[in-house]
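Peer 1: Just so we're aligned, residue 0 is where the sequence shown starts under numbering that gives the first Met the number 0, counting upward by one. Cβ atoms here follow ideal geometry from the backbone N, Cα and C, with glycine treated the same way.
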Amino acid sequence: MSSSPTVIIIPGWRNSGPGHWQTLWSDSLPSVLRVEQDDWVAPVRQSWVARLSETIERAPGPVVVVAHSLGCITTTHLPPEITQRIQGALLVAPADPERRGVLADFAPVPYQRLPYRSILVASNNDPYCPVRTAGAYARAWGSEFVRLNDAGHINVDSGHGPWPLGLALLQSLGAEVPVGVRQVEVVN
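1) Just to confirm the assignment, what range does the alpha helix (DSSP H) spanning S52 have?
2) How far does the beta strand (DSSP E) with E143 in it extend, from its first residue to its last?
3) Give the secondary structure of G173 by DSSP, where H, G and I count as helix, E and B as strand, and everything else as coil.
4) Closest to D95 by CA distance: which of Q83, Y115 and I72 is it?
5) Counting along the chain, where does the alpha helix (DSSP H) carrying S68 start and finish?
6) Just grab the DSSP bridge partners of G87 for me.
7) Locate the beta strand (DSSP E) running through V6, then write down its first and last residues.
8) For R98, is the classification buried or exposed, using 16 other Cβ atoms within 10 angstroms of its Cβ as the cut-off for buried?
9) Any idea what DSSP makes of G18, helix, strand or coil?
10) For W24, tell me which candidate among W12, I8 and N14 has the shortest Cα-Cα distance.
11) Going by other Cβ atoms of all chains shown within 10 Å of its Cβ, with 16 needed for buried, is N154 buried or exposed?
12) Pick from Y115, W162, Q170 and T74: whose alpha carbon is nearest that of F105?
13) Here's the rule I'm using: 16 or more other beta-carbon atoms within 10 Å means buried, otherwise exposed. How should A103 be labelled?
14) So does the segment 19-33 actually touch the segment 78-87, counting three or more Cβ pairs closer than 8 angstroms?
15) Quick check on the burial criterion: 16 or more other C-beta atoms within 10 angstroms. Buried or exposed for V65?
16) Ignore the nearest five residues each way along the sequence and tell me which others in R112's own chain have a CB closer than 8 angstroms to its CB.
17) Hey, could you find the ends of the beta strand (DSSP E) R33 is sitting in?
This is the structure:
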């Protein structure tokens, strides 16, 4: 009998705060590990990749990664001995480090096929990454591409709290999403 994979939550630049779907999922899904970086404001690729690698190595068995923004790019920089532990990846609103100076250490973005199933979700009006760039990432990485209209950076600022579509996509990658979590709502 195989158990469900561990879900690894990988926030992007400046972390995912209260009310962000990643934080809500961290608090409500079973078998979750969340990556905690030493410096969320001035990210260094080597440090971020090392911390993500350590988190994946700590997980029992296979993992499904759930990355947002710079977390997506961090995931693509993982070494092969770590990627073999990944069963699937939900890559949401990827960053474009070539267009944003503080993220430049993450450029160039790897443009090779990922060795696991991945779904890339992007919006046509994301202020941090043009949808055509996200589409180019999806093609290069071999990701299924889900294009949302007017969803911004798919974060709290663009009205994404629990994000049920994301939970459905996560479940399609083999992660356990209990029925009660699918209806979770933010209560103020």
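Peer 2: According to the data block:
1) R44 to R57 is the span of the alpha helix (DSSP H), which, as asked, contains S52.
2) E143 to L147 is the span of the beta strand (DSSP E), which, as asked, contains E143.
3) In the structure shown, G173 sits in coil (DSSP, three-state: anything other than H, G, I, E or B).
4) Minimum Cα distance to D95 is reached at I72.
5) Taken as a continuous stretch (DSSP letters only), S68 belongs to no alpha helix (DSSP H), as it is neither H nor E.
6) Bridge partners of G87: V63 and R116.
7) The continuous beta strand (DSSP E) containing V6 extends over residues T5 to I9.
8) By the beta-carbon neighbour count (other beta carbons within 10 angstroms, threshold 16), R98 is exposed.
9) Taken through DSSP and simplified to helix, strand or coil, G18 comes out as coil.
10) It is I8.
11) By the neighbour-count criterion, in which 16 or more other beta carbons inside 10 Å mark a residue as buried, N154 falls on the buried side.
12) Out of Y115, W162, Q170 and T74, T74 has the C-alpha closest to the C-alpha of F105.
13) By the neighbour-count rule (16 or more Cβ atoms within 10 Å), A103 is not buried but exposed.
14) Contact between the segment 19-33 and the segment 78-87 is absent, because fewer than three Cβ pairs lie under 8 angstroms.
15) Classification for V65: buried.
16) Excluding its 5 nearest sequence neighbours in each direction, R112 has C-beta neighbours in its own chain below 8 angstroms: A139, W140 and G141, listed in chain order.
17) DSSP places R33 in the uninterrupted beta strand (DSSP E) bounded by V31 to R33.
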